[in-house]
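> Residue numbers (the numbering used here): 526 to 861.
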Ligand SMILES: [Zn+2]
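1) I want to check one thing, is the minimum distance from the CB of residue 656 to the heavy atoms of ligand 1 below 7 Å?
2) Give every residue of the same chain whose Cβ lies closer than 6 Å to the Cβ of residue 618, excluding the five residues on either side of it in the sequence, and list them in chain order.
3) Would you call the CB atoms of residue 711 and residue 701 closer than 8 Å?
4) Give the list of continuous beta strand (DSSP E) stretches no shorter than 3 residues that lie fully inside the stretch 654 to 723.
5) Please classify residue 613: does DSSP put it in a helix, a strand, or coil?
6) Run through DSSP, which three-state label would residue 580 get?
7) Just curious, the beta strand (DSSP E) that residue 568 is in, first and last residue?
8) I'd like to know if the stretch 622 to 635 and the stretch 680 to 693 are in contact, where contact means that at least 3 CB-CB pairs between them fall below 8 Å.
9) For ligand 1, is there a heavy atom less than 7 Å away from the beta-carbon of residue 665?
10) Taking 8 Å as the threshold (C-beta atoms), are residue 663 and residue 657 in contact?
11) Tell me whether residue 589 sits in a helix, a strand or coil according to DSSP, three-state version.
12) Could you tell me the alpha carbon to alpha carbon distance between residue 621 and residue 659, rounded to whole angstroms?
13) Count Cβ pairs between the stretch 750 to 759 and the stretch 578 to 586 that sit closer than 8 Å; are there 3 or more?
14) Spatial neighbours of residue 533 within its chain, please: C-beta separation below 8 Å, excluding the five flanking residues on both sides.
15) If the criterion is Cβ atoms closer than 8 Å, does the pair residue 678 and residue 668 meet it?
16) Taking buried to mean at least 16 other C-beta atoms within 10 Å of its own C-beta, is residue 738 buried or exposed?
17) In the DSSP output, which residue or residues are listed as bridge partners for residue 761?
18) Residue 592 to residue 543, Cα distance in whole Å?
19) Within 10 Å of its beta-carbon, does residue 570 have 16 or more other beta-carbons around it, so buried, or fewer, so exposed?
20) Going by DSSP, what residue range makes up the alpha helix (DSSP H) through residue 745?
21) Residues in the same chain with beta-carbon distance under 6 Å from residue 623, minus the five sequence neighbours each way, listed in chain order, please.
22) Quick one: what's residue 650 bridged to in DSSP?
23) By how many angstroms is the C-alpha of residue 648 removed from the C-alpha of residue 680?
24) When you compare only the Cα positions, how much space is there between residue 650 and residue 744?
25) Taking its Cβ as the centre, do 16 or more other Cβ atoms sit within 10 Å of residue 539, making it buried, or is it exposed?
26) Does the beta carbon of residue 749 fall short of 7 Å from some heavy atom of ligand 2?
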């Protein structure tokens, strides 16, 4: 059957710009691709508990809590895949109001750090420096009452966070990573590390950490759900409307966080959750120049996007790993 088409208008006259030319083949696409992700750019988050078994985490399919021995084995696997850095979150057997297991010499993160470094000297260990996994109330520091409200005692928390960071460095942590969002935590930790002889240990703190419902699975994994209230009184407002403005700088939270007292401009910093907040990565990067670029990439992929990808996978809308790479590429686009 012959189909006769009406005469075609000449729509190509000015079409000299044809971006599809360089998208035509896989080889051409790989040649012109701007973002490449390598295993060495990733940090493997590990949850370590004091038992001997491997405990699958219901809210994070494919992720488990490991014993110290299990973690050592998994780090070996990660290294064989090219992932050279891990960040450790500890789940202690006993908790108390002061979170003493966070800074105990035989605390779970300290023990695990020593074991991992002894078995795999080539790995970089980052220790998450917070108290919420270790306090019986689940908040990020000891409590006090202000104006009839029970909240975290900021300055008392600083002291305990400084103790925690020093004990982690003493155990062999290559980087300490405060996540409590206490005012002055970076300066307090830097001062304590330097006084204890750990001037070489970077402090990888949050430039941006929003109070977020995205953290549900993480809290489940780390056993750090607050027993009352939430963390809105110390983590940042995701809408940013109440942006705490830094005196004399006039910067909203997201930018001010990148320039807090005590922070070495070359130190890495974190942003969480990256989902829905990638513009902040760009701002942190722009404010930090070249050295900030390394850092902006450390945008947490744990919270938010993995859940969405996994949920769709469960409904058979798609399969891993290709969709799982999309949010990672987004971080790469924003960060470099
Ligand atoms: Zn915390």
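The C-beta atom is built at its ideal place from N, Cα and C for all residues, glycine as well.
So, from the data block:
1) yes
2) 575
3) no
4) 668 to 671, 674 to 677 and 700 to 703
5) strand
6) strand
7) Taken as a continuous stretch (DSSP letters only), the beta strand (DSSP E) holding residue 568 covers 568 to 574.
8) Three or more beta-carbon pairs drawn from the stretch 622 to 635 and the stretch 680 to 693 are found closer than 8 Å, and the two stretches are therefore classed as touching.
9) yes
10) yes
11) Looking at residue 589 - three-state DSSP - the assignment turns out to be strand.
12) Straight-line spacing of the CA atoms in residue 621 and residue 659 works out to 7 Å.
13) no
14) none
15) In contact: residue 678 and residue 668 (Cβ atoms closer than 8 Å).
16) exposed
17) Partner(s): 735.
18) 55 Å
19) buried
20) 741 to 747
21) 667
22) Residue 650 is bridged by DSSP to 611.
23) Taking the straight line from one Cα to the other gives about 33 Å.
24) 21 Å
25) exposed
26) With respect to ligand 2, the structure offers nothing, as its ligand set consists of ligand 1.
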